[in-house]
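In case it helps, UniProt numbering puts the sequence shown at residues 1 to 687. Beta carbons are placed, not taken as given, at the ideal position from N, Cα and C, and that holds for glycine.
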Amino acid sequence: DWAYVEKDLRAAFSPALADALLACFSDEVQACLACRRELINFKKLCLHLWQAGSGVEKDLRQLASFFYCEVVSSASDAAEQAAWQLKDLRRRRYVEISSALNECRGSVAGIWDARNFAKAICALPRHPDRGVPWKFEALPGSLEVWKPLQQARHFLTNHRALDAHWAARWPGHAEEEEEEETAEASNSEVPPSNDNTNNNDNSNSNNSNSNNNSNNSNNNNSSFSSSGAPASAAGAAEKLPAKPLKEQLGWKTDREMVPSALGPEGLRDLLKAVEVAGLQLPGPALQYLRLVLIARGCSKAVAIRSALQRYCAALRQAVAEAEDLAKQLEALLGGKAECGRVSDADLDGRTSFSGTAVSAGLHLHCTRHLLVLNGMRPVLAEMLRWLAPMVELRGDSARSFVSGSRGAAAFVPRGFPDILGKHRNAAAGRGHREAMLAELAPGGPGWPRSARPVQEEELKVQPCRLCAVKLTRLWLHRGLCLTCEAGLRAQGRCPYGGQRCGSRSFCPHDNRCIVCEQWSCEKCALLRGDGEDVWQLASQRQPAVIFLDFDRTLCTTKAGASPLEGNHSLDTDLVSVCSSHGRVRIVTRNSRREDIAEFLGRHGVEARIFGDSGAEAAAANTTATTTTTTGDSGVEAAGTLRSGQASVPSERAVWVRSVKREGLKSKAEVILQELATLQSDDGSQCE
């Protein structure tokens, strides 16, 4: 906090010297502190996004594992081909789910990268001599999203060698080639086996190291026999083209510190500003100033901004690399001569992969890489869009992001998109989940083999907390299996929140919990959205009264803080709602209602405090002589109250109501009072 820096310097130096010292680096430090504040809230927002994205990814993994089937036919006669055609619907469903899963993985990887690095930046050591985590000196290679970029680059570089390798090992066995490559590449989730983590690239890499040494005839012979293909002689095996090996990256802990200029440079610049100003401090005084800047986090704040600049530069490289790789993969799939690397000459005149030894498998590999990049690219661009301006913040800049570690409520600036909306719809829509539950119902095929493996194959199974069926972790969500979860939903109960989520927050139309699952339903009149959504909804429906929370909704404050302290801002769309709608009630647990009213007044919103006798008297005088109608709803605003009823303001204005100051138990009491008054005033029924 900048106030502590001022306090320490004024305690040791004369007022004139303290003011001169503060003037040397005040703007710089406060700008860095503002950057740090925004980044802290941004990383918490990314945590909520990543948690939500991980849940969506798990839903898609379940669907992909359940509907897994061979994507490429290996049928050799007419009967087998006819049976294959009967499975076409399931195959198409699996391909659609797999594509959505790969895109979701790319998006979640981009969110996790932003969360991971933002947290590492905020957790930089306070003392500049301790160094920094190694990843800051290894950018962009240390980015989490750089790994899938490397995998795509490796495929583009070596796809012809892969083709030659498999063609040489299985000459004349195109069907076996395609089937094996398809099983390795097509499954976005794992095939029905024991591994539910689906680390295809790592498994491929390990197999290439252990089983595909072109100089080892024994390994080659064992590989041939396990696949059913005839084994080659030792002399012939030595002539086989080697399978390209992937680079093995060693694991390193994020806590490993390395020397870096991030910390010392920031402190050096702050002390140099004092020297440039001509303030010649003696050695002890300079050392005291240095310790204050370190202890109060000034040097760390400067290092945070510098580290954020490095990260943004690395993100730009990742975005450019992803765009380049996507173009090359698209060119490879379409056989186009683009980017100067993948051309018709590279494909030996072939169209796409058709005619190659394992064209189907390579095609699926290529498609998988492209889908991951397609999911990652917009997320990286969006993260860069909001992180880059943080570097340019000033000390008096308004806050843009406010988010806490607990709860899903967050204040985001206008234009921040729903990154996971597309993937959420893919997991919940299209009837995939309903089809899976139908097969799990009594009389259906039941659980896939990957859900209930034999004990020799899988030991990590856990029981459902309701039916006690033992399944792998992929098929249990918060201790419930799919069938028990569906049963609770059919009863109109939230399977996750228990008693905390009542029936009113559960949507009977889609069997979803509005609270736990961030669901929206127009039929239930329960919608989730940002300030712009509220503004559009209020304009379309012209409601009789609008209730708004203040902290982390209308304003960037949280935990009952005063909006007059710090550089807080308001949601511009919700401000428009307050200005354009005739009856708005701000209902908050924040007890600083006077500060709220004053802050709103500074931003052009005339607000009155409920409980202020002067304001209520003025409202009574106004309503005694004026009757106004709200749009087409025909709702009149009057001040008549029944005897014994709480004094509830009914004038068409913005009123601030504090639950704590009024001695109420919850916000619901305020809302019910307002609705009862509205009904008594005009006799209408409020929904």
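Quiz item: Pick from A34, L22, Y4, G53: whose alpha carbon is nearest that of M390?
Solution: The shortest Cα separation from M390 among A34, L22, Y4, G53 belongs to A34.
Practice problem: Using a threshold of 8 Å, state whether the C-beta atoms of V587 and V670 are closer than that. | Solution: Yes, these two residues count as a Cβ contact at 8 Å.
Self-check item: Supposed contact pair V108 and S142 - C-beta distance, whole angstroms, cut 8 Å
Solution: Contact doesn't hold; Cβ gap of about 19 Å is too wide.
Quiz item: Span of the beta strand (DSSP E) holding S658?
Solution: 654-658
Quiz prompt | Sub-8 Å separation of A64 and I97 beta-carbons | solution = yes
Practice problem: Since I believe W112 is in contact with W166 (beta carbons under 8 Å), could you give me their beta-carbon distance rounded to a whole number of angstroms? | Solution: No, W166 and W112 are not in contact; Cβ-Cβ is about 34 Å, not under 8 Å.
Quiz item: Cβ of L124 within 8 Å of Cβ of I304?
Solution: yes
Exercise. Give the range of the beta strand (DSSP E) segment to which P15 is assigned.
Key: It is not in any beta strand (DSSP E) - P15 instead sits in the alpha helix (DSSP H) that spans 15-66.
Practice problem: Return the residue from the list R368, E532, G431 that minimises the CA-CA distance to F411. | Solution: E532
Quiz item: Exposed or buried, what is G297 when buried is set at 16 or more other beta-carbons lying within 10 Å of its beta-carbon?
Solution: Within a 10 Å sphere around the beta-carbon of G297 sit 16 or more other beta-carbons, which makes this residue buried.
Self-check item: Contact set for I609: own chain, Cβ-Cβ below 7 Å, skip 5 residues either direction
Solution: R593, E594, A597, A615, V656
Quiz item: With E606 and A653 assumed to form a contact (beta carbons below 8 Å), what rounded beta-carbon distance in angstroms separates them?
Solution: Right, the Cβ-Cβ distance comes to about 7 Å (below 8 Å), so this counts as a contact.
Self-check item: Expected contact under 8 Å - CB spacing of P495 and L480 to nearest Å
Solution: A Cβ-Cβ distance of about 6 Å is found for the pair P495 and L480, placing them in contact under the 8 Å criterion.
Quiz prompt | Buried/exposed call for T677, threshold 16 Cβ in 10 Å | solution = buried
Quiz item: Can we say the region 136-152 touches the region 363-376, given the rule of at least three CB pairs closer than 8 Å?
Solution: At 8 Å Cβ cutoff, the stretches touch.
Quiz prompt | Assigned exposure category for P508 - 16 Cβ within 10 Å defines buried | solution = Flag for P508 reads exposed.
Exercise. With distances taken Cα to Cα, identify the nearest neighbour of P543 among S562, L89, V515, R583.
Key: Out of S562, L89, V515, R583, R583 has the C-alpha closest to the C-alpha of P543.
Practice problem: Please determine, among M383, T367, A326, the residue with the shortest C-alpha to C-alpha distance to Y311. | Solution: M383
Self-check item: Span separating the alpha-carbon of G131 from that of V258
Solution: 5 Å
Self-check item: Counterpart residues of D551 in DSSP-defined beta bridges
Solution: C555
Quiz item: So A607 is in the beta strand (DSSP E); what residue range does that whole segment cover?
Solution: 607-609
Quiz prompt | Residues bridged to S591 (per DSSP) | solution = The partner list for S591 (beta bridge, DSSP) is empty, contrary to what the question assumes.
Exercise. Reducing DSSP to helix, strand and coil, say where R585 ends up.
Key: strand
Quiz item: To the nearest angstrom, how far is it from the Cα of E256 to the Cα of Y288?
Solution: 30 Å
Quiz item: How big is the Cα-Cα spacing for A263 and D129?
Solution: The amino acid at residue 263 is misidentified as Ala; the sequence shows Gly. Distance between the alpha carbons of G263 and D129: 7 Å.
Exercise. In the DSSP assignment, find the alpha helix (DSSP H) that holds L471 and state where it starts and stops.
Key: Run containing L471: none in the alpha helix (DSSP H); it sits in the beta strand (DSSP E), 470-472.
Quiz prompt | Separation of C555 from R512, as counted between CA atoms | solution = So the alpha carbons of these two residues sit roughly 29 Å apart.
Exercise. For L315, count neighbouring Cβ atoms within 10 angstroms of its own Cβ and tell me buried if that reaches 16, exposed if not.
Key: buried
Self-check item: H568 - DSSP class collapsed to helix/strand/coil
Solution: coil
Practice problem: Report the residue ranges of all alpha helix (DSSP H) runs contained in full by the region 269-302; include only those spanning at least 4 residues, in chain order. | Solution: 283-295
Exercise. Could you tell me the distance, in whole angstroms, from the CA atom of G429 to the CA atom of P448?
Key: 22 Å
Practice problem: Taking only the alpha-carbon atoms, compute the straight-line gap between G663 and A561 and give it to the nearest angstrom. | Solution: Straight across, the Cα-Cα distance linking G663 with A561 is about 19 Å.
Exercise. Could you tell me the distance, in whole angstroms, from the CA atom of S450 to the CA atom of Q462?
Key: 13 Å
Quiz item: Once you ignore the five residues that flank C578 on each side, which residues in its own chain have a CB closer than 6 Å to its CB?
Solution: Excluding residues within five positions, the ones whose Cβ falls inside 6 Å are V584, V605, V654.
Quiz item: Just the Cα atoms here: how many angstroms apart are A277 and C122?
Solution: 30 Å
Quiz prompt | V292 vs V5 beta-carbon contact at 8 Å | solution = yes
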